[in-house]
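K.L.:
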DNA sequence: AATGAATGAGTTTTCATTCAT
DNA sequence: GATGAATGAAAACTCATTCAT
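Residue numbers (the UniProt record's numbering), protein chains in the order written: chain G, 1 to 216; chain W, 1 to 216; chain Y, 1 to 216; chain H, 1 to 216.
#1: Closest Cβ-Cβ distance between residue 113(Y) and chain H: below 7 Å?
#2: Can a CB atom of chain Y be found closer than 7 Å to the CB of residue 121(H)?
#3: Under 8 Å Cβ to Cβ from residue 130(W), same chain only, skipping five residues before and after it: list those, please.
#4: Put residue 146(Y) into one of helix, strand or coil per three-state DSSP.
#5: So, for residue 166(G): in the same chain, excluding its five sequence neighbours on each side, which residues have a beta-carbon less than 6 Å away from its beta-carbon?
#6: Can a CB atom of chain Y be found closer than 7 Å to the CB of residue 138(H)?
#7: Within the region 120 to 188 of chain W, note down every full beta strand (DSSP E) run reaching 3 residues or more, in order along the chain.
#8: Beta-carbon of residue 212(H) versus every beta-carbon of chain Y: anything under 7 Å?
#9: Compare the C-beta of residue 110(H) with all C-beta atoms of chain Y and state if any pair is closer than 7 Å.
#10: According to DSSP, simplified to helix, strand and coil, what is residue 83(H)?
#11: I want to verify the contact list: residues of chain Y whose CB lies under 8 Å from the CB of residue 104(H), in sequence order.
#12: Does any residue of chain W have a CB that is nearer than 7 Å to the CB of residue 37(G)?
#13: Using the Cα positions of residue 125(H) and residue 79(H), report the straight-line distance between them to the nearest angstrom.
#14: Would you say residue 175(Y) reaches chain H, if we count a Cβ-Cβ gap shorter than 7 Å as a contact?
#15: Please report how far the alpha carbon of residue 184(H) lies from the alpha carbon of residue 15(Y), in whole angstroms.
#16: Check whether the Cβ atoms of residue 162(W) and residue 116(W) sit closer than 7 Å, and answer yes or no.
#17: With 7 Å as the threshold, decide whether the Cβ of residue 189(H) is near any Cβ in chain Y.
#18: Taking residue 34(W) as the reference, give the member of 133(G), 110(G), 123(G) with the closest Cα.
#19: Using the beta-carbon count (16 or more within 10 Å), is residue 181(Y) buried or exposed?
#20: Hey, residue 106(W) and residue 177(W) are a contact pair by Cβ (cut 8 Å); roughly how many whole angstroms apart?
#21: Please check if any C-beta of chain G sits within less than 7 Å of the C-beta of residue 30(W).
#22: Mind checking residue 134(Y): buried by the 16 CB within 10 Å criterion, or exposed?
#23: Using 8 Å for Cβ pairs, my map puts residue 23(G) next to residue 77(G). What's the rounded Cβ distance?
#24: Out of 63(H), 13(H), 53(H), 51(H), which one is the CA nearest neighbour of residue 120(H)?
#25: Output the distance between the C-alpha atoms of residue 154(H) and residue 91(H), rounded to the nearest integer angstrom.
#26: Which same chain residues, not among the five before or five after residue 225(H), have their C-beta less than 7 Å away from its C-beta?
#27: With 16 as the cutoff for other CB atoms within 10 Å, does residue 196(W) come out buried or exposed?
#28: Looking at the C-beta of residue 118(Y), does it have a partner C-beta in chain H at a distance below 7 Å?
#29: So, helix, strand or coil for residue 109(G), using DSSP?
#30: Contact check, residue 146(H) vs residue 200(H) under 8 Å by CB: the rounded distance?
#31: If you measure beta-carbon to beta-carbon, which residues of the region 157 to 185 of chain H are closer than 8 Å to chain Y?
#32: Please classify residue 53(G): is it buried, with 16 or more other beta-carbons within 10 angstroms of its beta-carbon, or exposed?
#33: Residues in the UniProt domain "HTH tetR-type" (17 to 77) of chain W with C-beta within 9 Å of chain G's C-beta atoms, listed in sequence order?
#34: Give the C-beta separation of residue 10(G) and residue 58(G) to the nearest angstrom, bearing in mind that I take them to be a contact with Cβ-Cβ under 8 Å.
#35: Considering only residues of the same chain and omitting the five flanking positions on each side of residue 42(H), which have a CB-CB separation below 6 Å?
#36: Tell me which residues share the same chain as residue 193(Y) and place their Cβ nearer than 8 Å to its Cβ, disregarding the 5 neighbours each side in the sequence.
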């Protein structure tokens, strides 16, 4: 699936790319504060540092901004994740590291994740599949890491369990962002990583020895 | 925390309650399809079966409708959950039953859950706490069930693990609603319940024997 | 010119009269505070002590209330004035007394006068003449008193001066009501009466001796 | 007291000024015919010659239009008055000229005066003081002219009389506008000026010789 | 390529008036 | 005669989008 094209009147690709970055940066902040619907195109233009007329030289509709933002965020997350996975060795320890890394990324990109998570549903039927596709690719990455563990004989678990586990990891990562109002009161990021790893991996390795002592 | 009052011009309480139910029912459908922001008050009135003027006899602002909808859904879910938990025996089997029951409720109320999940963030700072409070109460119910297992000596697990586990259960319930686009393609509800139980409980009881054979 | 009829569904004249008095009393207060346009019929009904449905048993349109209020106020002022004038002796002293009395009435009925003064223009073309007619009748009363002075030989002044003088007296009476924001800061009612009398009568009797010493 | 700022989205000051003049011109006509409350913003926009959207580029609320109108009218009257007063010599003849001039202005600006006079009370608590301030300044101008006469020894009259006289002059000017329905039937502007001058100045100079023969 | 003034369809909300009970 | 729920036309205001400069 190719990237969905967003039409620009301006031809200079470099310029288009630059302007869109300004746009995305400004929009993320606004969406974070007021949501997509309560943000006006004028505000986006202003936050991006140019006029409303100029904004419309680089997009066709307000929705395009949302798509661009979502697309950008997913790319960012995916890129970071990919870097990590390329050197993954397929051991349970590596899986744990991957989880920790992913949660860390979600923490770093808190605002972006929150925006994306809350506003994807505002995308048109038209744009949504492109974004969901990307999400599936990321879930798939986790599946691969887990599968590698299985292939290494370190883990005995069904295909369906693998896929669900991958979804769980992904959602728990997002969860750290979208449930901060609750989780932050109880856990630090480090604790959250540790505890979720316990629960995720405990189920796989049958330790059954979860207890408070495993925490600092 | 008392319920947040939504002002009605009409005095007859019975009538208010009836009209609001019509309203909620209509609104849920619309919100599900187009989201809160893209739904107009006129559409809500029409879907509820009365005129725009009448709508405003029962609410003050469009936001009130959203609050009423969210409040109703949480109450519904909570009520159903409460019924189940009252007769919960505090054994691991009972915990599994509770999870299954909760996931079933989330499946029954799919549309409502989706709406709530996507639109809570559109509530004003004013109304949000009332809804989040309710969410926390539900999470707390799960904590209680798990704690009862621990107290029964059937389970050895830290306080912090308990709370996180409760959150996970809650989110995994919602997940069945808001990620249907992905999960439905792979699992039936029964499978989803079974697999998630495996993962959740496996971590607690150290079976470590997860495999495809445990599935039909 | 007969009184303009305001239609009532209710037949019992006594009741109609009673209900309308309640209505007028309530409405004057509301109009005073928020003006005719910003006052709703519901508020009028409530202030009158009955329901919106009942209100409409005694009037046909919101405008009727305004007309009723204006009509009532003019009648009140006119009645009071008439009482005084019947015993007027036609001397310059009597004229001064009349002025003092009129200003006193305008002070007593401050709120009503303000309302009337500000809202007459909101009457329909249809109702306005009835009210203006009444105003002219009051101006005419002043003309009569002045004319009597002339006929008594106490005063030598043209017909046109008389009529203008009458208008001036009337407007200066109203002025005490509608310019309170300015006049109250400088004068007490007594001072205002005294000073205006000086200016009005000075012109007629050629005293030319206005000075601060004539004031306490 | 600085001018109360009315916010405009458009930056070009020249344009703002031009558009607002169109707006004021259109609004005065509408307000004159139907009053502020019965005039819609769409009508104002149309009368001004642009769209409703454009109207709101130059104001924030409908009330702003009223303020702009009132402010404009007061400025206009005040400016004209100021021009006359600068060359005022402080003699009774000059005072008479000033009065004649002021009444003439009020006649020229009949419509505007009527609007202002009837609608000031519709201004918010917020804007009212700015307008009343201007009114007081105008009254003060008259005080100055009268005071100059006193200082020249041409007139012996108390401070309080001066202030009241100034108010009377101002109100009688307005009166020519807001009581035209009655006064126009009896007097031409010239007569009105002549007669009011007789009454105003007669009181000051003790001629006491008012009679019909002084009129043409 | 950039600007920002102009547009008007569309939105929420109000409120005078009616009419069944 | 009294009530108050229902109605819907109309109002103020917003904002995505266009286009002349």
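All C-beta atoms in this analysis are idealised placements derived from N, C-alpha and C, irrespective of residue type, glycine included.
Predicted model only: the values in this text are computed from it and were never measured.
P.N.:
Per the coordinate set shown:
#1: Locating residue 113(Y) in the third chain gives position 113, counting from the first residue. Chain H, which has no Cβ nearer than 7 Å to the Cβ of residue 113(Y), makes this no.
#2: Locating residue 121(H) in the fourth chain gives position 121, where the first residue counts as 1. Yes, residue 121(H) lies at the interface with chain Y (some Cβ there is under 7 Å from its Cβ).
#3: Taking the first residue of the second chain as 1, we reach residue 130(W) at position 130. Closer than 8 Å at the Cβ level, and outside the excluded window around residue 130(W), lie 1, 3, 4, 67, 71.
#4: As a working note, residue 146(Y) is residue 146 in the third chain. In the three-state reduction of the DSSP assignment, residue 146(Y) falls in the helix class.
#5: Here residue 166(G) corresponds to residue number 166 of the first chain, with the count starting at 1. Excluding residues within five positions, the ones whose Cβ falls inside 6 Å are 139, 142, 143.
#6: Stepping through the fourth chain from its first residue, residue 138(H) is reached at position 138. Residue 138(H) does not count as touching chain Y.
#7: Qualifying beta strand (DSSP E) stretches: none in this window.
#8: Locating residue 212(H) in the fourth chain gives position 212, counting from the first residue. Caution is warranted here: a pLDDT of 35 is assigned to residue 212(H), below 50, making its placement in the model unreliable, and no coordinate value can be reported.
#9: Residue mapping note: residue 110(H) aligns to position 110 of the fourth chain, counting from 1. Between residue 110(H) and chain Y, the shortest Cβ-Cβ separation is not below 7 Å.
#10: Translated into positions along the fourth chain, residue 83(H) becomes position 83. Helix.
#11: As a first step, residue 104(H) must be located in the fourth chain, where it is residue number 104. Under the 8 Å cutoff, chain Y gives no residues; its nearest Cβ is about 17 Å from residue 104(H).
#12: Within the first chain, residue 37(G) is the residue found at index 37, counting from 1. Chain W contact via Cβ: present.
#13: Walking along the fourth chain from the start, residue 125(H) turns up at place 125. Walking along the fourth chain from the start, residue 79(H) turns up at place 79. Roughly 25 Å separates the two Cα atoms.
#14: Here residue 175(Y) refers to the residue found at position 175 of the third chain. True, the Cβ-Cβ gap to chain H drops below 7 Å.
#15: The residue given as residue 184(H) occupies position 184 in the fourth chain. The residue given as residue 15(Y) occupies position 15 in the third chain. In a straight line, the C-alpha of residue 184(H) is about 42 Å away from that of residue 15(Y).
#16: The residue labelled residue 162(W) in the question sits at position 162 within the second chain. The residue labelled residue 116(W) in the question sits at position 116 within the second chain. Taking 7 Å as the Cβ cut-off, residue 162(W) and residue 116(W) do not qualify as a contacting pair.
#17: Against the fourth chain, residue 189(H) aligns to sequence position 189. False, the Cβ-Cβ gap to chain Y never drops below 7 Å.
#18: Translated into positions along the second chain, residue 34(W) becomes position 34. When C-alpha distances from residue 34(W) are compared across 133(G), 110(G), 123(G), the shortest belongs to 123(G).
#19: Position 181 of the third chain, counted from the first residue, corresponds to residue 181(Y). It counts as exposed.
#20: In the second chain, residue 106(W) corresponds to position 106, counting from 1. In the second chain, residue 177(W) corresponds to position 177, counting from 1. For a cut-off of 8 Å, the C-beta gap from residue 106(W) to residue 177(W) is around 5 Å, short enough to register as a contact.
#21: Start at 1 with the first residue of the second chain, and residue 30(W) comes out as number 30. It does not: the Cβ of residue 30(W) has no partner Cβ on chain G nearer than 7 Å.
#22: In the third chain, the residue the question calls residue 134(Y) occupies position 134. Classification of residue 134(Y): buried, given that the 10 Å Cβ count is 16 or more.
#23: Within the first chain, numbered from 1, the residue matching residue 23(G) stands at position 23. Within the first chain, numbered from 1, the residue matching residue 77(G) stands at position 77. In fact, because the Cβ distance is near 19 Å, the residues do not count as touching under 8 Å.
#24: Counting from one through the fourth chain, the residue named residue 120(H) turns up at place 120. Residue 63(H) is the option with its Cα nearest to residue 120(H).
#25: Against the fourth chain, residue 154(H) aligns to sequence position 154. Against the fourth chain, residue 91(H) aligns to sequence position 91. Those two C-alpha atoms are separated by around 7 Å.
#26: Only positions 1 to 216 of chain H appear in the structure, and residue 225(H) is not among them; the question remains open.
#27: What you label residue 196(W) is simply residue 196 of the second chain in a count that begins at 1. Counting of Cβ neighbours within 10 angstroms places residue 196(W) among the buried residues, the total reaching 16 or more.
#28: Numbered from 1 along the third chain, position 118 holds the residue referred to as residue 118(Y). By this cut-off, residue 118(Y) is an interface position.
#29: Here residue 109(G) refers to the residue found at position 109 when the first chain is read from its first residue. Residue state, collapsed to three classes: coil.
#30: Within the fourth chain, the letter at position 146 stands for residue 146(H). Within the fourth chain, the letter at position 200 stands for residue 200(H). About 10 Å; that fails the 8 Å criterion.
#31: Answer in chain order: 157, 158, 159, 160, 161, 163, 164, 165, 167, 168, 171, 172, 175, 179, 181, 182, 183.
#32: In the first chain, the residue the question calls residue 53(G) occupies position 53. Classification of residue 53(G): exposed, given that the 10 Å Cβ count is below 16.
#33: 35, 36, 37, 38
#34: Position 10 of the first chain, counted from the start, is the residue given in the question as residue 10(G). Position 58 of the first chain, counted from the start, is the residue given in the question as residue 58(G). With a Cβ gap of about 6 Å, residue 10(G) and residue 58(G) count as contacting.
#35: Here residue 42(H) refers to the residue found at position 42 when the fourth chain is read from its first residue. Within the same chain, residue 42(H) has close Cβ partners 52.
#36: Position 193 of the third chain holds residue 193(Y). Contacts found: 99, 100, 103, 104.
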